[in-house]
Amino acid sequence: MDSLSSQIIDQLRRSDRAIADLIAKEAERQETTLELIASENHVSPAVMHAMGTCLTNKYAEGYPGARYYGGCVYHDQIETIARDRAKQMFGCRFANVQPHSGAQANAAVFMALMEPGSTFASLVLKDGGHLSHGMKINFSGTYYKPVHYPLHYGVDHPRREQIDYDAVKAICREHKPKVLMCGYSAYPRVIDFKKFREAADECGALLVADVAHIAGLIVGGAHPSPFPHAHVVTTTTHKTLRGPRGGLILTDDEELAKKIDKAVFPGMQGGPLMHVIASKAVAFGECLQDSFKAYAAQVVTNARALAGALVERRYRITSGGTDNHLMLVDLRTRSDKLTGADAEKWLEAAGIICNKNGIPDDPRPPRVTSGVRLGTPAVTTRGLREQDMTTVAEFIDRVLAAGLEGESPLATTTATVREQVRDLCRKFPMPH
Ligand SMILES: *Cc1c(COP(=O)(O)O)cnc(C)c1O
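Note that our numbering has the sequence shown beginning at 8, numbered continuously upward.
Shown next as structure tokens:
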């Protein structure tokens, strides 16, 4: 932990021991485990500490220069810097930095672009989409009408488990959606934004690219940009962008920008989280540094290395590999008996944190699954490199192999690997 964070926890302990102790335990958990959840990262002390400031005291409803409360002079300047840096990162003309989260950014964009009941096209959750892209019980599936485009599912297809762009066009022709969504939570391949724009143009849809997962790779030059193809881009700020938890909306279109600003406030939200917006500005500043390019490239290099090392150990990587920061591991090629739920639990006991994840066409239910999703953004932040990915793959395989043998071998192996994970983590401290 960085020294300011420990001072803050010590200070907090004097007024609220229970919470301070739990925060300290969580810091210790993060420091001594390998974080392979693809949507997580470790922020810098600067990003962390901008959040814990007096900016939280203030109401700043509205936008810079047009607030509904007095006393916003510094808040205006902070939000303006955040917006300018966001625009610079993506090379676009308009940014809204106020969404409290990625899902709320999407909700605001839906509100700006569609009447309730309108049809939109997206990838379904079980194939790697996000719940805000049309899940039945989410706002997106309750107040709008989702239609879904498929992947190539055939086991012999050369582009198995990749987006079927012809089918995207066919779905658009058939359903004439108002919005076409691309961008996913569990898709390991490059997204062809140009092809999506062609599909959108053919049916008169607006293209929304939700780059929540890959935003940092885009900014760091490790994935093609959705601009100039997408009409609107949404993202989280806490995944590969390595900022505070939050959302961000971008566009090049002035008319759409006006609609989006209105939809965020007063449409979806009240007062903005100005302490988080300050932290977003700090994170964006870090993303604009040259070192962030090296980080983004290393994230991808590490993901390839991890995928390769797992393939050597007889795991199947869906779609045959990865182009970005994440991979879906099909556990069944290692053993028919392996499930995602068991793997997640066993690996956690060894200090390796990941999540079970359905693979395309998964025969098992979502609570069980046949896969795990692994990502390299957080371990790359700690400084792990390709050669360390081989070590991580070996840890993973030892734990899963032991789990297949039974409870007692599993207990012995997880205890040993847990210590080895601790040692590895000591070599790669958290950002400080
Ligand atoms: C993570 C994610 C989101 C939502 O982010 P929250 O901040 O958790 O609401 C939206 N879209 C995609 C594709 C995501 O992966």
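Cβ atoms here follow ideal geometry from the backbone N, Cα and C, with glycine treated the same way.
- When every heavy atom of ligand 3 is checked, does at least one fall within less than 6 Å of the C-beta of residue 230? Ligands in the displayed structure: ligand 1; ligand 3 is not one of them.
- Query: Per DSSP, residue 216 forms a beta bridge with which residues?
  - Reply: 189, 240, per the DSSP bridge assignment.
- Task: Run the proximity test for residue 108: is its beta-carbon closer than 6 Å to any non-hydrogen atom belonging to ligand 1?
- Result: For ligand 1, at least one heavy atom lies less than 6 Å from the Cβ of residue 108.
- Alpha carbon to alpha carbon, how far is residue 415 from residue 252? Give it in angstroms, no decimals. For residue 252 and residue 415, the gap between their C-alpha atoms comes out near 40 Å.
- residue 6 versus residue 314 - alpha carbon distance: Beyond the ends of the chain as shown, which are 8 and 439, falls residue 6; an answer cannot be given.
- Taking just the CA atoms, how far does residue 349 sit from residue 405? C-alpha separation (whole angstroms): 14 Å.
- Item | Residue interval of the alpha helix (DSSP H) (run including residue 455) | Within the shown structure, residues of the chain are numbered from 8 to 439, placing residue 455 beyond reach of any answer.
- Task: Figure out for me which residue from 337, 43, 235 has the closest Cα to the Cα of residue 201.
- Result: Closest option to residue 201, Cα to Cα, is 235.
- Message: At a threshold of 6 Å, does residue 190 count as lining ligand 1 (C-beta to nearest heavy atom)?
- Response: In this structure, residue 190 has its beta carbon less than 6 Å from a heavy atom of ligand 1.
- Can you tell me which of 16, 41, 46 puts its alpha carbon nearest to the alpha carbon of residue 32? For the residues 16, 41, 46, the minimum Cα distance to residue 32 belongs to 16.
- Item | Check whether residue 229 and residue 242 have beta carbons under 7 Å apart | Not a contact, by the Cβ cut-off of 7 Å.
- Between which two residues does the beta strand (DSSP E) carrying residue 381 extend? From DSSP, the beta strand (DSSP E) with residue 381 extends over 378 to 382.
- Query: Can residue 329 and residue 195 be called in contact, C-beta distance under 7 Å?
  - Reply: Result yes, Cβ atoms of residue 329 and residue 195 sit closer than 7 Å.
- Nearest-angstrom Cα separation, counted from residue 255 out to residue 2: What is shown of the chain runs 8 to 439, which leaves residue 2 out entirely.
- Message: Please report the straight-line C-alpha distance between residue 29 and residue 18, rounded to a whole angstrom.
- Response: In a straight line, the C-alpha of residue 29 is about 14 Å away from that of residue 18.
- With a 10 Å radius around its C-beta and 16 neighbouring C-beta atoms as the bar for buried, classify residue 165 as buried or exposed. By the neighbour-count rule (16 or more Cβ atoms within 10 Å), residue 165 is not buried but exposed.
- Starting from residue 337, follow the beta strand (DSSP E) in both directions and report where the run begins and ends. For residue 337, the uninterrupted beta strand (DSSP E) run begins and ends at 333 to 337, by DSSP.
- The alpha helix (DSSP H) with residue 309 in it runs from where to where? Residues 297 to 319.
- Message: DSSP has residue 41 in a bridge; who is on the other side?
- Response: 359, per the DSSP bridge assignment.
- Query: Do you know offhand how far residue 375's Cα is from residue 347's?
  - Reply: About 6 Å.
- First and last residue of the uninterrupted beta strand (DSSP E) at residue 256: Taken as a continuous stretch (DSSP letters only), the beta strand (DSSP E) holding residue 256 covers 254 to 258.
- Check whether residue 381 and residue 361 have beta carbons under 7 Å apart: In contact: residue 381 and residue 361 (Cβ atoms closer than 7 Å).
- Message: Going by the DSSP bridge assignment, what does residue 154 pair with across the sheet?
- Response: According to DSSP, residue 154 bridges with 128.
- Message: Going by DSSP in three states, residue 30 sits in which element: helix, strand or coil?
- Response: For residue 30, the three-state secondary structure derived from DSSP is helix.
- Item | For residue 69, the three-state DSSP class (helix, strand or coil) | The answer is strand: DSSP assigns residue 69 an E or B state.
- Task: State buried or exposed for residue 10, treating a residue as buried only when at least 16 other CB atoms are found within 10 Å of its CB.
- Result: Residue 10 counts as exposed, since fewer than 16 other beta carbons sit within 10 angstroms of its beta carbon.
- Task: Could you tell me which residues DSSP pairs with residue 57 in its beta bridges?
- Result: BP columns for residue 57 are empty, so no partner.
- Message: Quick check on residue 170: does DSSP put it in helix, strand or coil?
- Response: Note: residue 170 maps to strand in three-state DSSP.
- Could you have a look at residue 196 and say whether DSSP puts it in helix, strand or coil? Coil.
- Query: Between the beta-carbon of residue 436 and the beta-carbon of residue 49, is there less than 7 Å?
  - Reply: With a cutoff of 7 Å on beta-carbon distance, residue 436 and residue 49 are scored as not near each other.
- Grab me the residues of residue 108's own chain with a C-beta within less than 8 Å of its C-beta, minus the 5 sequence neighbours each way, in chain order. Hits under 8 Å: 243, 252, 253, 254.
- Determine the DSSP secondary structure at residue 88, reduced to helix, strand or coil. DSSP, read as helix, strand or coil, puts residue 88 in helix.
- Backbone secondary structure at residue 225 - three-state DSSP: Residue state for residue 225 is assigned as helix, using DSSP reduced to three classes.
- Item | Three-way DSSP call (helix, strand, coil) for residue 24 in this model | Three-state result, residue 24: helix.
- Task: For my contact list, residue 156 and residue 178 are in at a C-beta cut-off of 8 Å; report their separation, rounded to the angstrom.
- Result: Residue 156 to residue 178, Cβ: 5 Å. Contact.
- Would you decide whether residue 129 is buried or exposed? Buried here means 16 or more other CB atoms lie within 10 Å of its CB. With 16 or more Cβ atoms within 10 Å of its Cβ, residue 129 is classed as buried.
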